[in-house]
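When the letters of the sequence shown are read in order and numbered with mature numbering (1 follows the signal peptide of the UniProt record, and there is no 0), they come out as residues -28 to -1, 1 to 333. Heads up, the beta-carbon is just placed ideally off N, CA and C, and yes, glycines get one too.
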Amino acid sequence: MIHFTPLRKRPALSALMLLILGSGFCQAQEMLTDSARKEATEWLKEVKSGYLNTSSARIQKAVTALTAATSTENAAMKLYVDAMKDRFLNPTSMMSRMLNRGGGGGFRMMRMPGSGGRGGSNGNSSKPDSPSTAFSNWRKQNTGNNVAPGFKKALQIQCKWMLLCLRKADAEKNERELNVSSSVLSMLDEVAANAKDVGEQLPMVGGASEVIRSYLNISDYRSDTLPDNLMDLNTIFDRVLLAPYKEKKDVENFRKLWNKRIGLEATLLQNNSASDKKTAEVEKASFLVKRQWEREKACFELGDQMAALEKMKSLISGIKDPAEKQRAIRDLEFLLLTPAEQAKLREERTNRRMPGGGPRF
(Lines of atoms letter the chains of each structure in order from A and count residues from 1; the text may use other names and numbers.)
(Lines give C-alpha, C1' and ligand atoms only; values in the text may rest on other atoms or scores of the structure.)
Protein backbone atom coordinates (compact mmCIF):
# COMPACT_ATOMS: atom_id res chain seq x y z
CA MET A 1 0.00 0.00 0.00
CA ILE A 2 1.27 3.48 -0.94
CA HIS A 3 1.23 6.12 1.82
CA PHE A 4 1.27 9.86 1.02
CA THR A 5 2.77 12.37 3.38
CA PRO A 6 0.34 15.27 4.00
CA LEU A 7 1.46 18.52 2.39
CA ARG A 8 1.19 20.33 5.72
CA LYS A 9 4.11 18.23 6.95
CA ARG A 10 6.18 19.18 3.89
CA PRO A 11 6.12 23.01 3.82
CA ALA A 12 8.57 23.41 0.89
CA LEU A 13 6.53 21.12 -1.36
CA SER A 14 3.34 22.77 -0.16
CA ALA A 15 4.63 26.20 -1.16
CA LEU A 16 5.72 24.89 -4.57
CA MET A 17 2.31 23.35 -5.23
CA LEU A 18 0.57 26.60 -4.28
CA LEU A 19 2.85 28.50 -6.66
CA ILE A 20 2.12 26.08 -9.53
CA LEU A 21 -1.61 26.08 -8.88
CA GLY A 22 -1.67 29.83 -8.46
CA SER A 23 0.03 30.38 -11.81
CA GLY A 24 -2.94 28.75 -13.51
CA PHE A 25 -5.28 31.53 -12.43
CA CYS A 26 -4.87 34.34 -14.95
CA GLN A 27 -6.09 37.85 -14.69
CA ALA A 28 -9.10 38.85 -16.71
CA GLN A 29 -8.35 39.40 -20.40
CA GLU A 30 -7.67 42.99 -21.30
CA MET A 31 -7.55 44.51 -24.78
CA LEU A 32 -4.91 47.07 -25.71
CA THR A 33 -5.95 50.66 -25.34
CA ASP A 34 -5.09 53.12 -28.10
CA SER A 35 -2.38 54.68 -25.95
CA ALA A 36 -0.90 51.27 -25.04
CA ARG A 37 -0.91 50.25 -28.70
CA LYS A 38 0.84 53.49 -29.66
CA GLU A 39 3.43 53.02 -26.91
CA ALA A 40 4.11 49.42 -27.99
CA THR A 41 4.44 50.52 -31.63
CA GLU A 42 7.02 53.16 -30.72
CA TRP A 43 8.92 50.61 -28.64
CA LEU A 44 8.94 48.14 -31.55
CA LYS A 45 10.25 50.85 -33.90
CA GLU A 46 13.22 51.33 -31.58
CA VAL A 47 13.84 47.58 -31.43
CA LYS A 48 13.67 47.36 -35.24
CA SER A 49 15.97 50.34 -35.67
CA GLY A 50 18.52 48.81 -33.32
CA TYR A 51 18.33 45.50 -35.17
CA LEU A 52 18.79 47.18 -38.57
CA ASN A 53 21.76 49.18 -37.31
CA THR A 54 23.39 46.04 -35.92
CA SER A 55 22.65 44.11 -39.12
CA SER A 56 24.01 46.95 -41.24
CA ALA A 57 27.32 46.93 -39.36
CA ARG A 58 27.50 43.14 -39.60
CA ILE A 59 26.80 43.16 -43.33
CA GLN A 60 29.31 45.93 -44.01
CA LYS A 61 31.99 43.94 -42.20
CA ALA A 62 31.18 40.89 -44.33
CA VAL A 63 31.20 42.97 -47.53
CA THR A 64 34.66 44.27 -46.66
CA ALA A 65 35.99 40.76 -46.01
CA LEU A 66 34.48 39.30 -49.19
CA THR A 67 35.67 42.23 -51.30
CA ALA A 68 39.22 41.61 -50.11
CA ALA A 69 38.83 37.88 -50.81
CA THR A 70 37.81 38.49 -54.42
CA SER A 71 41.01 40.38 -55.25
CA THR A 72 43.21 37.29 -55.79
CA GLU A 73 43.03 33.52 -55.57
CA ASN A 74 45.34 33.56 -52.54
CA ALA A 75 43.16 36.15 -50.80
CA ALA A 76 40.12 33.90 -51.26
CA MET A 77 42.06 30.94 -49.90
CA LYS A 78 43.22 33.00 -46.91
CA LEU A 79 39.62 33.82 -45.99
CA TYR A 80 38.71 30.14 -46.21
CA VAL A 81 41.67 29.11 -44.02
CA ASP A 82 40.79 31.83 -41.48
CA ALA A 83 37.20 30.56 -41.44
CA MET A 84 38.37 26.99 -40.88
CA LYS A 85 40.71 28.14 -38.12
CA ASP A 86 37.77 29.80 -36.40
CA ARG A 87 35.71 26.63 -36.81
CA PHE A 88 38.43 24.57 -35.13
CA LEU A 89 39.55 27.00 -32.42
CA ASN A 90 36.50 29.10 -31.55
CA PRO A 91 35.30 27.58 -28.24
CA THR A 92 31.67 28.26 -29.20
CA SER A 93 31.84 26.26 -32.45
CA MET A 94 30.42 22.75 -32.61
CA MET A 95 33.68 21.31 -33.94
CA SER A 96 35.72 22.84 -31.14
CA ARG A 97 33.29 21.48 -28.54
CA MET A 98 33.49 18.01 -30.12
CA LEU A 99 37.28 18.07 -30.01
CA ASN A 100 37.37 19.38 -26.45
CA ARG A 101 35.10 16.57 -25.29
CA GLY A 102 37.95 14.21 -26.01
CA GLY A 103 37.08 10.52 -25.97
CA GLY A 104 33.52 11.27 -24.88
CA GLY A 105 32.84 13.12 -28.11
CA GLY A 106 33.91 10.22 -30.25
CA PHE A 107 35.69 12.58 -32.66
CA ARG A 108 38.41 10.97 -34.71
CA MET A 109 38.18 12.06 -38.30
CA MET A 110 36.09 14.51 -40.26
CA ARG A 111 36.00 15.17 -43.98
CA MET A 112 36.30 18.90 -44.41
CA PRO A 113 33.96 20.83 -46.69
CA GLY A 114 35.11 21.96 -50.08
CA SER A 115 38.53 20.37 -49.97
CA GLY A 116 38.24 16.61 -49.80
CA GLY A 117 40.86 16.74 -47.05
CA ARG A 118 40.81 15.18 -43.64
CA GLY A 119 40.93 16.81 -40.25
CA GLY A 120 41.17 15.28 -36.81
CA SER A 121 43.57 12.51 -35.92
CA ASN A 122 46.24 11.32 -38.31
CA GLY A 123 45.38 7.77 -37.36
CA ASN A 124 48.67 7.31 -35.46
CA SER A 125 47.07 7.63 -32.05
CA SER A 126 43.82 6.62 -30.44
CA LYS A 127 43.85 9.88 -28.47
CA PRO A 128 41.68 12.59 -30.06
CA ASP A 129 43.45 15.72 -31.26
CA SER A 130 43.15 19.04 -29.49
CA PRO A 131 41.47 21.79 -31.56
CA SER A 132 44.82 23.42 -32.36
CA THR A 133 46.40 20.11 -33.42
CA ALA A 134 43.36 19.19 -35.51
CA PHE A 135 43.49 22.54 -37.30
CA SER A 136 47.23 22.20 -37.88
CA ASN A 137 46.66 18.77 -39.44
CA TRP A 138 43.83 20.07 -41.60
CA ARG A 139 45.96 22.99 -42.83
CA LYS A 140 48.86 20.69 -43.76
CA GLN A 141 46.55 18.41 -45.72
CA ASN A 142 44.49 21.08 -47.48
CA THR A 143 46.79 23.99 -48.29
CA GLY A 144 50.01 24.53 -50.22
CA ASN A 145 50.76 21.77 -52.72
CA ASN A 146 47.78 19.74 -51.49
CA VAL A 147 45.21 22.15 -52.92
CA ALA A 148 43.36 20.58 -55.84
CA PRO A 149 44.08 22.27 -59.20
CA GLY A 150 41.57 25.02 -59.87
CA PHE A 151 40.21 25.04 -56.31
CA LYS A 152 41.55 28.48 -55.38
CA LYS A 153 40.29 30.08 -58.60
CA ALA A 154 36.89 28.44 -58.12
CA LEU A 155 36.82 29.70 -54.53
CA GLN A 156 37.65 33.23 -55.69
CA ILE A 157 34.76 33.14 -58.18
CA GLN A 158 32.42 31.74 -55.51
CA CYS A 159 33.44 34.57 -53.14
CA LYS A 160 32.46 37.06 -55.86
CA TRP A 161 29.11 35.31 -56.10
CA MET A 162 28.65 35.39 -52.32
CA LEU A 163 29.34 39.13 -52.37
CA LEU A 164 26.71 39.67 -55.06
CA CYS A 165 24.20 37.51 -53.16
CA LEU A 166 24.87 39.46 -49.98
CA ARG A 167 24.24 42.80 -51.68
CA LYS A 168 21.07 41.46 -53.27
CA ALA A 169 19.86 40.08 -49.94
CA ASP A 170 20.53 43.44 -48.26
CA ALA A 171 18.51 45.22 -50.96
CA GLU A 172 15.64 42.76 -50.59
CA LYS A 173 15.51 43.10 -46.82
CA ASN A 174 15.52 46.89 -47.08
CA GLU A 175 12.99 46.83 -49.95
CA ARG A 176 15.38 48.44 -52.43
CA GLU A 177 15.53 47.61 -56.13
CA LEU A 178 18.85 46.14 -57.25
CA ASN A 179 19.13 44.78 -60.78
CA VAL A 180 21.86 42.15 -60.76
CA SER A 181 21.37 40.72 -64.26
CA SER A 182 24.46 42.36 -65.80
CA SER A 183 26.62 41.29 -62.85
CA VAL A 184 25.31 37.73 -63.08
CA LEU A 185 26.02 37.58 -66.82
CA SER A 186 29.53 38.94 -66.24
CA MET A 187 30.20 36.22 -63.67
CA LEU A 188 28.90 33.51 -65.99
CA ASP A 189 31.25 34.83 -68.70
CA GLU A 190 34.11 34.49 -66.21
CA VAL A 191 33.07 30.90 -65.48
CA ALA A 192 32.97 30.09 -69.21
CA ALA A 193 36.40 31.67 -69.77
CA ASN A 194 37.91 29.61 -66.93
CA ALA A 195 35.85 26.45 -67.41
CA LYS A 196 38.87 24.29 -68.18
CA ASP A 197 40.47 25.21 -64.83
CA VAL A 198 37.49 25.60 -62.51
CA GLY A 199 34.72 23.52 -64.09
CA GLU A 200 35.39 20.50 -61.90
CA GLN A 201 35.96 22.52 -58.71
CA LEU A 202 33.08 25.01 -58.80
CA PRO A 203 30.51 22.43 -57.64
CA MET A 204 32.92 21.49 -54.82
CA VAL A 205 33.35 24.93 -53.21
CA GLY A 206 29.80 25.07 -51.85
CA GLY A 207 30.93 23.56 -48.54
CA ALA A 208 33.77 26.05 -48.25
CA SER A 209 31.40 28.95 -48.86
CA GLU A 210 29.13 27.73 -46.04
CA VAL A 211 32.11 27.75 -43.67
CA ILE A 212 32.89 31.31 -44.77
CA ARG A 213 29.26 32.37 -44.29
CA SER A 214 29.30 31.06 -40.74
CA TYR A 215 32.63 32.77 -40.02
CA LEU A 216 31.33 36.12 -41.32
CA ASN A 217 28.07 35.66 -39.38
CA ILE A 218 25.86 35.91 -42.47
CA SER A 219 24.38 32.41 -42.56
CA ASP A 220 20.94 33.94 -42.01
CA TYR A 221 21.41 36.60 -44.69
CA ARG A 222 20.47 34.98 -47.99
CA SER A 223 18.85 36.32 -51.13
CA ASP A 224 15.32 35.25 -52.02
CA THR A 225 16.24 35.61 -55.70
CA LEU A 226 19.81 34.40 -56.14
CA PRO A 227 20.79 30.85 -55.17
CA ASP A 228 23.70 30.36 -52.77
CA ASN A 229 25.74 28.41 -55.31
CA LEU A 230 26.85 29.84 -58.63
CA MET A 231 26.49 26.40 -60.23
CA ASP A 232 22.73 26.37 -59.65
CA LEU A 233 22.34 27.45 -63.27
CA ASN A 234 18.70 26.40 -63.61
CA THR A 235 17.62 28.80 -60.86
CA ILE A 236 19.90 31.58 -62.11
CA PHE A 237 18.55 31.47 -65.65
CA ASP A 238 14.90 30.69 -64.91
CA ARG A 239 14.43 33.03 -61.96
CA VAL A 240 16.86 35.87 -62.68
CA LEU A 241 17.93 36.13 -66.32
CA LEU A 242 15.10 34.74 -68.45
CA ALA A 243 12.20 35.92 -66.28
CA PRO A 244 12.23 39.61 -67.41
CA TYR A 245 12.19 38.66 -71.12
CA LYS A 246 9.49 36.10 -70.48
CA GLU A 247 7.38 38.73 -68.73
CA LYS A 248 7.83 41.18 -71.63
CA LYS A 249 7.35 38.37 -74.21
CA ASP A 250 10.66 39.46 -75.75
CA VAL A 251 11.25 36.28 -77.76
CA GLU A 252 14.40 37.51 -79.51
CA ASN A 253 16.38 38.19 -76.33
CA PHE A 254 14.76 35.21 -74.59
CA ARG A 255 16.11 32.93 -77.31
CA LYS A 256 19.57 34.60 -77.27
CA LEU A 257 19.84 34.05 -73.53
CA TRP A 258 18.76 30.44 -73.90
CA ASN A 259 21.57 29.98 -76.45
CA LYS A 260 24.03 31.46 -73.96
CA ARG A 261 22.76 29.05 -71.32
CA ILE A 262 23.20 26.05 -73.60
CA GLY A 263 26.70 27.15 -74.62
CA LEU A 264 27.82 27.58 -71.00
CA GLU A 265 26.37 24.26 -69.87
CA ALA A 266 27.92 22.45 -72.85
CA THR A 267 31.34 23.96 -72.06
CA LEU A 268 31.12 22.88 -68.42
CA LEU A 269 29.92 19.42 -69.42
CA GLN A 270 32.81 19.01 -71.82
CA ASN A 271 35.39 20.01 -69.21
CA ASN A 272 33.83 17.89 -66.45
CA SER A 273 33.37 14.71 -68.47
CA ALA A 274 35.41 11.74 -67.29
CA SER A 275 34.53 9.73 -70.41
CA ASP A 276 36.83 9.05 -73.34
CA LYS A 277 36.71 11.49 -76.25
CA LYS A 278 34.26 9.49 -78.38
CA THR A 279 31.83 8.88 -75.51
CA ALA A 280 32.10 12.52 -74.42
CA GLU A 281 31.09 13.66 -77.91
CA VAL A 282 28.04 11.38 -77.85
CA GLU A 283 27.08 12.71 -74.39
CA LYS A 284 27.48 16.29 -75.58
CA ALA A 285 25.36 15.70 -78.71
CA SER A 286 22.59 14.11 -76.64
CA PHE A 287 22.73 16.97 -74.14
CA LEU A 288 22.55 19.62 -76.87
CA VAL A 289 19.47 18.08 -78.51
CA LYS A 290 17.71 17.82 -75.14
CA ARG A 291 18.50 21.40 -74.19
CA GLN A 292 17.59 22.77 -77.63
CA TRP A 293 14.25 20.98 -77.37
CA GLU A 294 13.61 22.64 -74.00
CA ARG A 295 14.52 26.01 -75.54
CA GLU A 296 12.05 25.59 -78.40
CA LYS A 297 9.35 24.38 -76.05
CA ALA A 298 9.84 27.52 -73.92
CA CYS A 299 9.82 29.77 -77.01
CA PHE A 300 6.63 28.08 -78.30
CA GLU A 301 4.91 28.73 -74.95
CA LEU A 302 6.12 32.34 -75.11
CA GLY A 303 4.40 32.88 -78.46
CA ASP A 304 7.01 32.15 -81.14
CA GLN A 305 5.01 29.13 -82.24
CA MET A 306 5.71 28.84 -85.98
CA ALA A 307 9.51 29.13 -85.68
CA ALA A 308 9.63 26.89 -82.60
CA LEU A 309 7.49 24.21 -84.26
CA GLU A 310 9.76 24.03 -87.30
CA LYS A 311 12.84 23.66 -85.09
CA MET A 312 11.14 21.00 -82.97
CA LYS A 313 10.27 19.02 -86.10
CA SER A 314 13.94 18.92 -87.08
CA LEU A 315 15.13 18.20 -83.52
CA ILE A 316 12.84 15.27 -82.78
CA SER A 317 14.60 13.00 -85.29
CA GLY A 318 17.88 13.56 -83.44
CA ILE A 319 16.53 12.28 -80.10
CA LYS A 320 17.90 8.74 -79.80
CA ASP A 321 16.81 7.73 -76.30
CA PRO A 322 13.34 6.08 -76.50
CA ALA A 323 12.13 7.57 -73.21
CA GLU A 324 13.30 11.05 -74.23
CA LYS A 325 11.63 10.72 -77.64
CA GLN A 326 8.36 9.61 -76.05
CA ARG A 327 8.52 12.61 -73.70
CA ALA A 328 9.16 14.93 -76.65
CA ILE A 329 6.16 13.52 -78.55
CA ARG A 330 3.94 14.08 -75.50
CA ASP A 331 5.28 17.65 -75.21
CA LEU A 332 4.39 18.37 -78.81
CA GLU A 333 0.97 16.73 -78.55
CA PHE A 334 0.15 19.03 -75.65
CA LEU A 335 1.53 22.17 -77.32
CA LEU A 336 -0.59 21.56 -80.44
CA LEU A 337 -3.82 21.53 -78.43
CA THR A 338 -5.92 24.69 -78.25
CA PRO A 339 -5.77 26.66 -74.97
CA ALA A 340 -9.23 25.31 -74.05
CA GLU A 341 -8.14 21.73 -74.72
CA GLN A 342 -4.98 22.24 -72.67
CA ALA A 343 -6.99 23.60 -69.74
CA LYS A 344 -9.39 20.63 -69.93
CA LEU A 345 -6.49 18.14 -70.03
CA ARG A 346 -4.83 19.78 -67.02
CA GLU A 347 -8.09 19.53 -65.09
CA GLU A 348 -8.49 15.85 -66.00
CA ARG A 349 -4.92 15.11 -64.90
CA THR A 350 -5.50 16.91 -61.61
CA ASN A 351 -8.69 14.94 -60.97
CA ARG A 352 -6.92 11.66 -61.71
CA ARG A 353 -4.23 12.51 -59.17
CA MET A 354 -6.87 13.25 -56.51
CA PRO A 355 -9.35 10.33 -56.31
CA GLY A 356 -12.64 11.11 -54.62
CA GLY A 357 -12.66 14.70 -55.82
CA GLY A 358 -10.08 16.10 -53.45
CA PRO A 359 -7.00 15.46 -51.33
CA ARG A 360 -7.18 13.07 -48.39
CA PHE A 361 -5.63 13.99 -45.10
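For Glu255, the enclosing alpha helix (DSSP H) has its first and last residue at Lys249 to Leu274. Per DSSP, Ala120 is not a residue of any alpha helix (DSSP H), being assigned neither H nor E. Contact between Met134 and Ser181 is confirmed by a C-beta separation of about 6 Å, below the 8 Å threshold.
Across the structure, Pro216 and Leu198 are spaced so that their CA atoms are roughly 15 Å apart. Cβ-Cβ separation between Ala126 and Val177: approximately 5 Å, consistent with a contact (criterion under 8 Å).
Remark: C-beta atoms of Asn244 and Glu162 do not approach each other more closely than 7 Å. Closest option to Val53, judged by alpha-carbon separation, among Leu281, Ser186 and Met159: Ser186. DSSP places Glu172 in the coil class of the three-state scheme, outside both helix and strand.
Taking a C-beta distance under 7 Å as the contact criterion, Cys131 and Ala55 do not qualify as a contact pair. Look at Lys292 here: in three-state DSSP terms it is coil, with no helix or strand label.
Residue burial is scored here from C-beta neighbours: Leu202 has at least 16 other C-beta atoms within 10 angstroms and is therefore classed as buried. Residues Phe272 of the same chain have their beta carbon placed closer than 6 Å to that of Leu307, with the five preceding and five following residues left out of the count. In this chain, the alpha helix (DSSP H) harbouring Val53 covers Glu45 to Leu61.
Excluding its 5 nearest sequence neighbours in each direction, Asn62 has C-beta neighbours in its own chain below 6 Å: Ser68, listed in chain order.
Going by DSSP, Arg211 is part of no alpha helix (DSSP H) at all; its letter is neither H nor E.
Taking every protein chain shown into account, the CB of Gln32 has fewer than 16 other CB atoms within 10 angstroms, so this residue is exposed. Check the Cα spacing between Arg299 and each of Gln1, Ala279, Trp265 and Asp58: the tightest is with Trp265. Shortest Cα-Cα distance from Arg263 to any of Leu287, Ala252, Gln242 and Leu274 involves Leu287. When secondary structure is reduced to three states using DSSP, Val156 falls in the helix class. Rounded to whole angstroms, the gap between the alpha carbons of Arg321 and Ala315 is 10 Å. In this structure, the alpha-carbon of Ser104 lies about 48 Å from that of Glu14. Burial check for Gly122: the Cβ neighbour count within 10 Å reaches 16 or more, so the residue is buried.
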